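Trainee:
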Amino acid sequence: MKSSQLESVWGYVFIFPWILGMLFFTAGPIIASVFLSFCEWDLITPIKWVGLQNYIKLFMDDPRFWKSLYNTLFYTAMSVPLQLVAGITIAVLMNQQVRLIKVFRTIFYLPSVTAGVASSIIWMWLFNPDVGLINYFLAIFGIHGPLWLASEFWAKPVYVIMSLWGVGGGMLVYLAGLQGIPAALYEAASIDGANSFQKFIHVTLPMLSPIIFFNLVILVIQSFQIFTQAYVMSGGSGAPADSTLFYVVYLYQMGFRFHQMGYASALAWILFLITLGATLLLFRFSGWVHYEGNVKEK
Amino acid sequence: MAGLNLNQEAINRKKIKRIIIFGIICILGFIMLIPFLWMISTSLKIPTEVFSMPPQWIPWPPQWINYVSAWAPKGLPETFNTYLKNTLIITFFNTLGAIVSSSFVAFGFARLKFKGRDFMFILLLGTMMIPVQVTMIPQFILFRSLGWIDTFLPLIVPNFFAISAFNVFLLRQFFMTLPPELDEAALIDGCNYFDIYWRIIMPLSWPVVATIAVFSFVYNWNDFLNPLIYLNSSSNFTLALGLQTFTTVYGSSYHLMMAASMLMLLPIIVVFFIGQKYFIEGIATTGLKG
Amino acid sequence: MKKILAFLGVGLLLFSNFACAPKKDAKTELRFVFWGDLSEIQIFNNIVAEFERENPKIQVKLERAPSGAPYIEKLLTQFAGGMAPDIVFVEVNNFVNFSQRNVLMDLSEFVFSDESFKMENIYPEVLSRFSMDNKLFVLPRDTAPICCVYYNKDLFDEAGLPYPKDDWQWPRDFLPIAQKLTKTDASGRVSRFGFVDDWSLWDAFVLSNGGNYVDDAKNPTRITLDSPEALGGFKFRQDLIYKYKVMPTPSQMSSAGGVGSADLFMTGKAAMFLSGIWKTPYFRDIKNFDWDVAMFPKGPTGIRRFPTGGSGYAITKTCKHPREAWKLIKYLCGREGQVQLAKTGLAQPANMSIAKSEYFLDGQKPKNKGMLLDAVKYVSYSPYMDRWNEFLIAYLNPALDKVWSGEKSPEEALKPVVTKANKELFKK
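Residue numbers (my numbering), protein chains in the order written: chain D, -18 to 279; chain S, 7 to 296; chain B, 7 to 434.
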């Protein structure tokens, strides 16, 4: 056998568990949801085939679909770049040899694991326009704080701020990446007379680029599906006046509150196409990502 | 003399830089901590103090009893120790399954060339892009037909088949940063690809494998939706599911809810604080990739 | 690969223990899904244990789920997945989604043939809610008129006001009282509100102003929340916030979700609080003031109506042992269960004789609890309309947000959405 053939065989052997899992656990439900998107199903009575009706209604006659799409794109556009930058910055800071660094790493990591009802409630208290801590601080600087979650304009930024609080997961991935950068590269740069900023630009960033790329793709996929926080904080409604009606919140309402699982599935597949498009674009323009060797090149 | 002065200056500059960095870290850290401090403070209050104005940061006397009531509510047929045991079992197996299966699959995607690889990789990523809300019910039907409802199997078995695209993607990115010469040299030495995966790539990827372990631990520790759907008997409940008892339709006991959340968090704090020695500082200075 | 398989093998082996629950032969198993707070869970467990002792042939599998949205998610997944439980605990409003889809068993046959069951003991208003076309779908556990105006007695004393009587009216009595109890500090900020509601309880104002949700609650063909009477009710609540400033704005509340309004009352920052009787156990923790309840005031033309909660037990059509299931729900609604429920103070038993007894009227706070016996006559249920939830969430609430934020009048905000909903939601 030629070595390239051998490599192919081994390749399939390695991804075999995933193929198996995909066939067993994932493919069925996914195909079922494609099928459901052409049906009407209230979850209780039998399924009824309706053809393209869900998709037609979605595009022609559903203002809340557009509204939720806009809200989600707005959130994604704001939060992804901010989270990306904040994650790298904090990871670099957490990679310094300073006192108590282990404690600080823990502090920065913890918020990302505290999602859920309790932390949402804490945020609602903090953002309370009258008695919340945030407006209290703003008042110290003479700023009259906005109404935050009660305002149609400021409610979405609240979620962006919350997402920044949760950058600890991204930070951890960067930290793991920073470990892999050989000290020799920094030493060489020092000999060439580079200062710390130049070292960051010319050594850290390129070496970290595969990880940055990873975080970018993951953040985009996750932001398109923002759900739990928004669901808890608006009681599932998207209040005020649908300004925090994010895409998956709307999809959830359709499926589990309005008993229209077929329509919800159609919504899901539109979101899938949008996310896939965005991801493929990111891959298409990933020339800036620096991989060792040439495995990736075609 | 001049040389010494210069040195002194450089040292001073370095010191100042350090202090500035430390200052920034402290301020940022404090901001990150505020919601937590509030959580801790609330967890030690009596119900009427929870919303008192101006906010009371240090409740006096602190109600440590809240933690007892949160952990061992009276009148349940099972105790939280049962939930803890269940959660530990599920978390342990899932973490194990995630590490073994994801790294195996990721090695294939990262370091081997075969037909359809890139397409299949996009397919893998694609599974992350479908909201779980629409696949949940078909998946339930699938596991029901296997007779797995009200067991831990639907929560555990898929994890042994690299079901998490997140893990595979992350590992693939790391594996791709390792120089290809490693594989070539090993092949010449007579290793097969499994040896390369197990003896060369995995030992070099310790930090990211540990990161996956942390993520997987945390995800399963906190997961609410899957246990909610698949576990029926309260003796099979996980902590995240069991703790929801405190939020009832008709209002919540915030002090208990916060105490329970802090209890949930405690093991994560411990695991992370102690564990970081292994996955962040483990190989920091050895410069593997040079 | 071998290692993976080995791990899997061990895993499967380990969990097959959990997979096969020991099967006790010759026993009929009933799956019963419910939610509840700690005291309710305790009651369910006690009553079912008692039932199993009396009926050794029946084994009940109690499946507790978290309340609210997760409960519905879980239940719907089970229905959709063909694994519906035998007995479900349902809430008066969610019940419609199930009964209209014909998945609940008609209980009337049992009710009429079982002489040991005394239907006349149950509030007729509650039974009527749970029946359609002469079929009864749910055996009620409790009723919960949302008419309890909890008031802080100390604040009334301080202001020299007499305590509210149950026959008060909102323009004549309620408003002036609320105004007198509202306090503003030196900087012009409201430091104490005269009145708050548990969540946006516009229903009570709309209904007692003579408005209605729909033209016919059991056979709705049109939503009527744009009628002058309904709009007047919305307007009054809006005025309470912006014109009279006796109620907090949505931003003064801890934003959406209504978190904290009960706590405003508990901390003395609100003098009156509208909700249902279920707040009682929570408020019994109040140490620093005395409190009681009054029935929600009548509207300007003397109409008295309010929304309601409540719950009960239903048997699903897929249940293979309906006779045993009936036995169980009858037992759950029986004397012992109702007495224990009454004692918690959490809920008003659907059984009138227990509600009237000293178990419910136990002399504990709130002293005026007895008014609830009368209040049941004035409750209004949400319409029998499958898409009512959709109307509330997708049409009404986004529009109402603009009313409660003071941007629009009820007429401006609601007329267009009600018109649109009437066009969209009744399509067959």
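Virtual Cβ for every residue (Gly too), placed ideally from N, Cα, C.
In this text, all values refer to a predicted model and were calculated from it rather than measured experimentally.
Got a sec: does the ligand GDP put a non-hydrogen atom nearer than 6 Å to the Cβ of residue 109(S)?
Mentor: As for the ligand GDP, it is missing from this structure, which has no ligand bound.
Trainee: Report yes or no: is there a C-beta of chain S within less than 7 Å of the C-beta of residue 291(B)?
Mentor: Taking the first residue of the third sequence as position 1, residue 291(B) is located at position 285. So, interface residue.
Trainee: Run through the segment 22 to 80 of chain B for me and flag every whole beta strand (DSSP E) of 3 or more residues, listed as ranges in chain order.
Mentor: Listed in chain order, they are 34 to 40 and 64 to 70.
Trainee: In whole angstroms, what is the alpha-carbon distance linking residue 303(B) and residue 313(B)?
Mentor: Within the third sequence, residue 303(B) is the residue found at index 297, counting from 1. Within the third sequence, residue 313(B) is the residue found at index 307, counting from 1. Computed Cα separation, rounded: 13 Å.
Trainee: Show which residues of chain S have a CB atom less than 7 Å away from the CB atom of residue 99(D).
Mentor: The sequence position of residue 99(D) within the first sequence is 118, counting from 1. Chain S residues near residue 99(D): 45, 263, 264 and 267.
Trainee: Pull out every residue of the segment 220 to 234 of chain S whose Cβ sits closer than 9 Å to any Cβ of chain B, in chain order.
Mentor: With the criterion set as a beta carbon lying under 9 Å from some beta carbon of chain B, the members of the segment 220 to 234 of chain S are 230, 231 and 234, in sequence order.
Trainee: Count the other CB atoms, across all protein chains shown, that sit within 10 Å of the CB of residue -2(D); report buried if there are 16 or more and exposed otherwise.
Mentor: The residue you call residue -2(D) lines up with position 17 of the first sequence. Answer is buried; the Cβ neighbour count reaches 16.
Trainee: By the three-class DSSP mapping on this structure, what secondary structure does residue 131(B) have?
Mentor: Here residue 131(B) is taken as the residue at index 125 of the third sequence, counted from 1. DSSP places residue 131(B) in helix when its eight states are reduced to three.
Trainee: What does residue 285(D) touch in chain B if you count any residue whose Cβ is under 7 Å from its own?
Mentor: Summary: the structure shown does not reach residue 285(D), with chain D confined to residues -18 through 279, and so no result is reported for it.
Trainee: Could you tell me how far apart the beta carbons of residue 290(B) and residue 373(B) are, in whole angstroms, since I believe they sit closer than 8 Å?
Mentor: If you number the third sequence from 1, residue 290(B) lands on position 284. If you number the third sequence from 1, residue 373(B) lands on position 367. Incorrect: roughly 12 Å between the Cβ atoms, too far for contact.
Trainee: Any contact between the segment 149 to 169 of chain B and the segment 104 to 121 of chain B? By contact I mean 3 or more CB pairs, one from each, below 8 Å.
Mentor: no
Trainee: At a Cβ cut of 9 Å, what residues of the segment 118 to 134 of chain D count as close to chain S, listed as they run along the chain?
Mentor: none
Trainee: Does any residue of chain B have a CB that is nearer than 7 Å to the CB of residue 146(S)?
Mentor: On the second sequence, position 140 is the one that residue 146(S) refers to. Interface residue, yes.
Trainee: Does the segment 161 to 171 of chain S come into contact with the segment 100 to 108 of chain S, if we say contact requires no fewer than three beta-carbon pairs (one atom in each stretch) closer than 8 Å?
Mentor: yes
Trainee: Any C-beta of chain B within less than 7 Å: which residues of the segment 234 to 258 of chain D qualify?
Mentor: 234, 237, 238, 239 and 240
Trainee: Beta-carbon separation of residue 140(S) and residue 14(D) under 7 Å?
Mentor: Taking the second sequence and counting its residues from 1, the one referred to as residue 140(S) is at position 134. Taking the first sequence and counting its residues from 1, the one referred to as residue 14(D) is at position 33. A contact, by the Cβ cut-off of 7 Å.
Trainee: Ignoring anything shorter than 4 residues or poking outside the segment 295 to 365 of chain B, list the alpha helix (DSSP H) runs there in chain order.
Mentor: 328 to 338, 341 to 350 and 358 to 362
Trainee: For residue 430(B) and residue 116(S), I'd like the C-alpha separation in whole angstroms.
Mentor: Residue mapping note: residue 430(B) aligns to position 424 of the third sequence, counting from 1. Residue mapping note: residue 116(S) aligns to position 110 of the second sequence, counting from 1. Straight-line Cα distance between these residues: approximately 52 Å.
Trainee: For residue 83(S), go through chain B and note every residue whose CB falls closer than 7 Å to its CB, in chain order.
Mentor: Against the second sequence, residue 83(S) aligns to sequence position 77. Here the neighbours are 51.
Trainee: For residue 264(S), which of 187(D), 247(D) and 98(D) has the nearest alpha-carbon?
Mentor: Sequence index remark: in the second sequence, residue 264(S) carries index 258 (1-based). With distances taken between Cα atoms, residue 264(S) lies closest to 98(D).
Trainee: From the DSSP output, read off the bridge partner residues of residue 42(D).
Mentor: If you number the first sequence from 1, residue 42(D) lands on position 61. Per DSSP, none; premise fails for residue 42(D).
Trainee: Going by DSSP in three states, residue 86(D) sits in which element: helix, strand or coil?
Mentor: Taking the first residue of the first sequence as 1, we reach residue 86(D) at position 105. Three-state result, residue 86(D): helix.
Trainee: Are the beta-carbon atoms of residue 356(B) and residue 148(B) separated by less than 7 Å?
Mentor: To locate residue 356(B), count along the third sequence from 1; it is residue 350. To locate residue 148(B), count along the third sequence from 1; it is residue 142. A contact, by the Cβ cut-off of 7 Å.
Trainee: Can you pull the chain D residues whose beta carbon is under 9 Å from the beta carbon of residue 356(B), in chain order?
Mentor: Counted from its first residue, the third sequence places residue 356(B) at position 350. Near residue 356(B) there are no residues of chain D at all, since even the closest Cβ is about 26 Å away, more than 9 Å.
Trainee: Assign residue 205(D) to one of three DSSP states: helix, strand, or coil.
Mentor: Taking the first residue of the first sequence as position 1, residue 205(D) is located at position 224. DSSP places residue 205(D) in helix when its eight states are reduced to three.
Trainee: Exposed or buried, residue 32(B), counting other C-beta atoms within 10 Å across all chains shown (16 or more means buried)?
Mentor: Here residue 32(B) refers to the residue found at position 26 of the third sequence. Here residue 32(B) is exposed, its C-beta having fewer than 16 other C-beta atoms within 10 Å.
Trainee: Could you name the residues of the same chain whose beta carbon sits closer than 8 Å to that of residue 17(S), not counting the 5 residues immediately before and after it, in chain order?
Mentor: Stepping through the second sequence from its first residue, residue 17(S) is reached at position 11. Closer than 8 Å at Cβ, skipping near neighbours: no residue.
Trainee: For residue 284(D), write down the residues that DSSP places opposite it in a beta bridge.
Mentor: In the structure as shown, chain D begins at -18 and stops at 279. Residue 284(D) is therefore absent and cannot be evaluated.
Trainee: For residue 379(B) and residue 130(B), I'd like the C-alpha separation in whole angstroms.
Mentor: The residue you call residue 379(B) lines up with position 373 of the third sequence. The residue you call residue 130(B) lines up with position 124 of the third sequence. Computed Cα separation, rounded: 12 Å.
Trainee: Are the beta-carbon atoms of residue 248(S) and residue 89(S) separated by less than 7 Å?
Mentor: Residue mapping note: residue 248(S) aligns to position 242 of the second sequence, counting from 1. Residue mapping note: residue 89(S) aligns to position 83 of the second sequence, counting from 1. Yes, the pair counts as a contact, with Cβ atoms nearer than the cut-off.
Trainee: Taking residue 191(D) as the query, report the chain S residues whose CB atoms sit under 8 Å from its CB, ordered along the chain.
Mentor: Your numbering for residue 191(D) matches position 210 in the first sequence. The answer, in chain order, is 179, 180, 182 and 183.
Trainee: Taking the continuous beta strand (DSSP E) assigned at residue 97(B), which residues delimit it?
Mentor: Within the third sequence, the letter at position 91 stands for residue 97(B). Looking at the DSSP string, the run of the beta strand (DSSP E) that includes residue 97(B) is 93 to 97.
Trainee: Looking at the C-beta of residue 199(S), does it have a partner C-beta in chain D at a distance below 7 Å?
Mentor: What you label residue 199(S) is simply residue 193 of the second sequence in a count that begins at 1. Chain D, which has a Cβ nearer than 7 Å to the Cβ of residue 199(S), makes this yes.
Trainee: Could you please tell me which residues of the segment 396 to 409 of chain B, in chain order, have their CB closer than 7 Å to any CB of chain D?
Mentor: 396, 399, 400, 403, 404, 407 and 408
Trainee: Distance cutoff 7 Å, beta carbons only. Does residue 217(S) sit that close to anything in chain D?
Mentor: The residue given as residue 217(S) occupies position 211 in the second sequence. With 7 Å as the cut-off, residue 217(S) counts as an interface residue toward chain D.
Trainee: Leaving out five residues before and five after residue 212(B) in sequence, what residues of the same chain have Cβ atoms less than 6 Å from its Cβ?
Mentor: Indexing the third sequence from 1 puts residue 212(B) at position 206. Excluding sequence positions up to five before and after residue 212(B), its CB lies within less than 6 Å of the CB of 236 and 239, all in the same chain and listed in chain order.
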